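Read the structure below first, then the notes.
Numbering (our numbering), first residue to last: 438 to 652.
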């Protein structure tokens with residue numbers, strides 16, 4: 438099943454189609470670099486045309502961190518992949534945060550959840566280019582299998598707030614719904630009646646416990 442935040446590598450024909458589209462010089466240079474280096478794109482919110490895949494290209498600092506939206510025929514996808522695991526960003530963190538980050542990653546691993554890092558930190562690992570800026574949040578995408586697992590993950594993330602850079606991100610449930618972890622925490626404390634659930638084809642406020650919501 439195709440999911441938000443999946444990585445996509447295009448075949449040669451796919452890149453040729455992307456590069457043939459009109460762009461300003463800076464954008465054309467960035468897209469050409471992505472194609473020449475065989476770098477991935479990321480799955481974004483999908484439109485109604487099932488034959489086309491909506492993808493994103495977040496440019497690094499040397500292209501002013503511009504974000505490009507691309508549309509590519511699905512039959513030009515060569516490979517699907519995933520963002521790096523959270524522990525792969527250890528060298529990018531302040532020295533004082535590295536050991537606690539490893540401990541957090543180990544704790545999450547013992548919960549049998551898969552924790553990946555996207556956003557600027559994830560892209561910097563993938564591309565080797567400068568994406569992270571001073572004060573950048575760490576964006577996590579954590580695959581959980583149940584309400585209990587989600588609660589345990591949130592407890593770990595809240596405990597890390599005392600020492601970690603700001604951790605944003607989402608809990609990914611088996612049905613493809615992604616819930617911002619902070620909103621999940623608010624709902625579990627009874628502070629909100631609904632949570633924002635992001636799906637491949639849209640975003641909606643939903644009440645946990647209804648059929649469309651992760652359980």
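A virtual CB, placed ideally from N, CA and C, is assigned to each residue, including glycine. From a predicted model like this one, the values you see are computed outputs, not experimental measurements.
What do you reckon, are the CB atoms on residue i and residue j nearer than 9 Å?
i	j	result
residue 554	residue 588	no
residue 439	residue 483	yes
residue 451	residue 515	yes
residue 505	residue 494	yes
residue 541	residue 581	no
residue 518	residue 444	yes
residue 616	residue 632	yes
residue 597	residue 528	no
residue 520	residue 572	no
residue 507	residue 551	no
Here's the rule I'm using: 16 or more other beta-carbon atoms within 10 Å means buried, otherwise exposed. How should residue i be labelled?
i	result
residue 647	Below a pLDDT of 50, predicted positions are generally treated as unreliable, and residue 647, at 45, falls in that range; no measurement from the model is reported.
residue 595	exposed
residue 583	exposed
residue 603	exposed
residue 600	exposed
residue 457	exposed
residue 614	buried
residue 497	buried
residue 568	buried
residue 556	buried
residue 463	exposed
Roughly how many angstroms separate the alpha carbons of residue i and residue j, rounded to a whole number?
i	j	result
residue 477	residue 487	20 Å
residue 442	residue 503	18 Å
residue 611	residue 543	22 Å
residue 643	residue 590	21 Å
residue 511	residue 524	31 Å
residue 635	residue 641	7 Å
residue 473	residue 465	12 Å
residue 469	residue 585	45 Å
residue 420	residue 592	This structure does not reach residue 420, given that the chain is present from 438 up to 652, and the question cannot be answered.
residue 561	residue 626	35 Å
residue 639	residue 485	11 Å
residue 479	residue 533	31 Å
residue 620	residue 539	25 Å
residue 380	residue 618	Since the first residue of the chain shown is 438 and the last is 652, residue 380 is not available in this structure.
residue 546	residue 574	21 Å
residue 570	residue 467	19 Å
residue 460	residue 471	14 Å
Rounded to the nearest angstrom, how far is the Cβ of residue i from that of residue j, given a contact under 8 Å?
i	j	result
residue 509	residue 492	6 Å
residue 606	residue 579	7 Å
residue 513	residue 454	7 Å
- In chain order, which alpha helix (DSSP H) runs of at least 4 residues are fully inside the segment 444–496? 449–456, 462–473
- Task: Could you tell me which uninterrupted alpha helix (DSSP H) segments, each at least 4 residues in length, are contained entirely in the segment 552–590, listed from first to last along the chain?
- Result: 556–564
- Task: Pick out the complete alpha helix (DSSP H) segments inside the segment 503–531, 4 residues or longer, and give them in chain order.
- Result: none
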